[in-house]
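In the numbering used here, the protein residues as written are 5 to 518.
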């Protein structure tokens, strides 16, 4: 290699001032597979159609400057990838247990397409649901309802793995760890379905706070707990079952791969006994048995994404008040990235205006404790409903790195080496390549790059290249003959999101390139 950058340079050598701080914000969207909400757009598409939809979605995310996608890989004890534990999802092929033909691995493709565009891919698991009401086909022989029927209960038209059954929780942990071990995912994500949302005894009657509800049918697991000497009351026992699962996932994922982020997206209203004045509504603490405040206090997650699916001006569930509530509960200092109801922008009389989402983003940006957000769901951005995608482009003017998670670790990366060259097969006159050579013992995951053009700094993010045939890890930047490359700062980003030492490249280095 020739034209190696002098790593002894200081920022003063840039001559025209230092670049701004690296922009940081989690900008994500959920990709729901249940009921074919986001992908695939319908059951039974050809493999080529499925692949084209993946590429279109990831390209759209890149165009909008999103930096993460949260892909639902387990909607109902099934799989959107080849699994030794659970059958293929009917939302993919139209028949549960039927593999796509020709065979391919959808999760692997989602990861590959996201990563090549600098986008994180978080795998989203529903922890207990075993069959959704939108399901149409027969259950596969390998489905847990067939192989372990004692742990699955019918409730409200759904099938549900009983959280009081140790085999149900063990299956969820096993499935998650299988994906963690086999795939290069960036995060593990679970949603708000713990114990099921309650079903009223009389569905036709007006719902009130005291409406009689059908109790979840966990009498067998509850009695077993009591006979074993358990001392908790039934509601506390149910909460403890869910607490144990969340803690187990947190510990197991980080033991396997410390860099993987674990996130939870619960219902947006907190415990009734802690709510701010004027806040009212459904209690996940009492109905879903989700003690989210405890999980946050214990640090059993790396990010919390409370589903704040209400407008700023809706007093009983005011967006800003709820945001402040979750900030106040975050005593462990984890990330708070609220979920936004972007799909409420639609063609119905109850549709929101895009300005509601933009105003919510603006409100979050006034609080340093809130470093991002997640759109539910990607379909609204794909359809550009009422121009929401166009307006988000104005909110996401530049790319941004996802926030760091220093509590997970720090690789303390050295500055990479930079080599400029103009020679090479197929390179036209004047075209330039800059190789970023990663010499760190632990590889960089990304490179954050500031490039100065005239009087402005421009920011880009590049996924780090991998080593091949024992050679150095190299990430190559390509520049056309008409692109002016002068000062550049390349900052390695470790697997936990921390910034390493920068390498500095000046116009003089460009001039030396053969």
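Beta carbons: idealized from backbone N, C-alpha and C, even for Gly.
Could you give the residue range of the beta strand (DSSP E) that holds residue 438? 436 to 442
When the distance is taken between beta carbons, is residue 333 closer than 8 Å to residue 375? no
What three-state label does DSSP hand residue 492 in the structure shown? strand
Assuming residue 420 and residue 440 make a contact with CB atoms under 8 Å, what is their CB distance in whole Å? 5 Å
Pick from 200, 259, 124 and 169 that is closest to residue 180, judged by C-alpha positions: 259
Let me know the secondary structure DSSP gives residue 159 once reduced to three states. strand
Within its chain, find whatever has a CB closer than 7 Å to the CB of residue 345; leave out the 5 residues flanking it on each side and keep chain order. 313 and 380
Please report the residue range of the beta strand (DSSP E) in which residue 482 lies. 477 to 483
Out of 142, 387 and 357, state which residue places its alpha-carbon closest to the alpha-carbon of residue 98. 142
Taking the beta strand (DSSP E) that residue 376 falls in, what are its first and last residues? 376 to 379
According to DSSP, what are the bridge partners of residue 461? 456
From what residue to what residue does the alpha helix (DSSP H) around residue 328 run? 323 to 333
Thinking residue 412 and residue 306 are a contact (beta carbons under 8 Å), I'd like their distance in whole angstroms, please. 7 Å
Looking at residue 378: is its Cβ nearer than 8 Å to the Cβ of residue 450? no
Using a Cβ-Cβ cutoff of less than 7 Å, which residues in the same chain neighbour residue 365 once the five nearest sequence positions on both sides are dropped? 377 and 399
Are the CB atoms of residue 89 and residue 114 within a distance shorter than 8 Å? no
Please classify residue 239: is it buried, with 16 or more other beta-carbons within 10 angstroms of its beta-carbon, or exposed? exposed
Do residue 315 and residue 327 have their C-beta atoms closer together than 8 Å? no
Taking 7 Å as the line, does the beta carbon of residue 255 fall inside it for any heavy atom of the ligand FMN? Looking for the ligand FMN in the displayed structure turns up nothing, as the structure carries no ligands at all.
Contact belief for residue 500 with residue 301 at Cβ below 8 Å, rounded distance in angstroms: Actually they are not in contact, since the Cβ atoms of residue 500 and residue 301 sit about 22 Å apart, beyond 8 Å.
Excluding five sequence neighbours on each side, which residues of the same chain lie with their C-beta closer than 7 Å to the C-beta of residue 352? none
Does DSSP classify residue 95 as helix, strand or coil? helix
State the beta-bridge partners of residue 191 as determined by DSSP. 126 and 265
Coarse secondary structure for residue 260, derived from DSSP in three states: helix
Mind checking residue 507: buried by the 16 CB within 10 Å criterion, or exposed? buried
Report the partner residues of residue 343 according to the DSSP bridge assignment. 311 and 378
Of the residues 125, 355 and 293, which one's Cα is nearest the Cα of residue 248? 293
DSSP on residue 273, reduced to helix/strand/coil? coil
Which value, in whole angstroms, describes the spacing of the CA atoms of residue 144 and residue 193? 25 Å
Starting from residue 35, trace the beta strand (DSSP E) in both directions and tell me its first and last residue. 30 to 35
Compute the distance between the beta-carbons of residue 96 and residue 44, then report whether it is under 8 Å. yes
Taking its Cβ as the centre, do 16 or more other Cβ atoms sit within 10 Å of residue 169, making it buried, or is it exposed? buried
Contact the region 54 to 63 vs the region 150 to 165: 3+ CB pairs below 8 Å: no
Buried or exposed, going by whether 16 or more other CB atoms sit within 10 Å of the CB of residue 339? buried
To the nearest angstrom, report how far apart residue 147 and residue 133 are at their CA atoms. 12 Å
contact_flag[the region 155 to 165, the region 195 to 204] where n(CB pairs < 8 Å) is 3 or more: yes
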